[in-house]
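Visitor:
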Ligand SMILES: [Zn+2]
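Residue numbers (the numbering used here): 6 to 248.
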C-alpha cells in the first residue's frame, strides 16, 4: 500500500490543496489527509471548501495516483485552491474502535491458541465486528474478554506506528494476524505495524489512537457462529449508539 498523508501526519485535519481534476460528484485533489478506508475500516468523511462553495466528502476512490473525493452534491464544481477539512470526531470514533479491535484481537489470539482474524468491519457509528477462525469455543468465554479489553483501555498503553522490512516481518510469528485484512507492503518493501506497548504488534494500514486511554470502554454486544470455523464478535462503545 502507499504511505498515506494521514499515516505520516495523523494529527492533520485541515490543510489546503489544489483541484487537479473534476467530474460530476467528485473532485481529485493534489493532496489529502483523508483516510480512504480499507481493511474493514470505513473512510474518513469531511468537507472541502473553495471560494465558490462548500461540499461534503462522503468517500474516497483511488485510481492509480489520483484520489477522487466523492461529494454529496453532484452539481458541485470546486476549482482552484480548496481547504480540506477531515471530520475529527468521526476520525477519533473510528480510530478508537479500531485500536480497541487490536486489543480484542490480541486477547483472542492469546486465549485461543493463535486464532486468526478472517474479517473485520469498523463503522463510523461506534460499532464494529471482527470475525475469527475459532472452531469449538464457548461463546461466553469470548464475550468475557471485554473485561480484559477495558482493563487495557484504563491502563493507558502507548500505541505507536513502526515500519519494518516486509521480508523480516513475514518470518515473525503472529505479526500478520489477519487472513484477509492485512495491508500489502509499501512500494519500497516496508510493512506498517501498529504496536500497543507490551501487548500487541500487528500489520495494519488503518487509523489508530496514540494511547489506549483515549478510547471509551466497549461492550461485546453479540457473539455469533458464522459457519463451523467462524465466530463473529460484535462490539460497540459502552453506552454508544451500537446494538
Ligand atoms: Zn489497525
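The beta carbon of each residue, even a glycine, is placed where N, CA and C say it ideally should be.
Bear in mind the structure is a predicted one, so any value in this text is a computation, not a measurement.
CB of residue 11 to nearest heavy atom of ligand 1: below 7 Å?
Guide: Because no heavy atom of ligand 1 lies under 7 Å away, the Cβ of residue 11 does not count as near it: no.
Visitor: Work out the CA separation of residue 66 and residue 9 for me, nearest whole Å.
Guide: For residue 9 and residue 66, the distance between alpha carbons rounds to 14 Å.
Visitor: Between the C-alpha atoms of residue 242 and residue 43, what's the straight-line distance to the nearest angstrom?
Guide: Each residue's alpha carbon lies about 21 Å from the other.
Visitor: Is the beta carbon of residue 47 closer than 8 Å to that of residue 105?
Guide: Not a contact, by the Cβ cut-off of 8 Å.
Visitor: Determine the burial state of residue 2: buried for a count of at least 16 other Cβ atoms within 10 Å of its Cβ, exposed for fewer.
Guide: A question about residue 2 goes unanswered here, because the residues of the chain that appear run from 6 up to 248.
Visitor: Taking residue 117 as part of the alpha helix (DSSP H), name the residues at either end of that continuous run.
Guide: Note, residue 117: premise wrong, no alpha helix (DSSP H); not H, not E.
Visitor: Residue 92 to residue 37, Cα distance in whole Å?
Guide: Answer to the nearest angstrom: the Cα atoms are 13 Å apart.
Visitor: With DSSP as the reference, identify every bridge partner of residue 235, one or two as the case may be.
Guide: Paired residue(s): 138.
Visitor: Since residue 169 sits in a beta bridge, which residues does DSSP pair it with?
Guide: Residue 169 is bridged to 196.
Visitor: Who are the Cβ neighbours of residue 29 in its own chain at under 7 Å, not counting the five residues just before and after it?
Guide: Contacts found: 79.
Visitor: Give me the residue from 103, 220 and 54 with the minimum Cα distance to residue 199.
Guide: Selected option, being the one with the closest Cα: 103.
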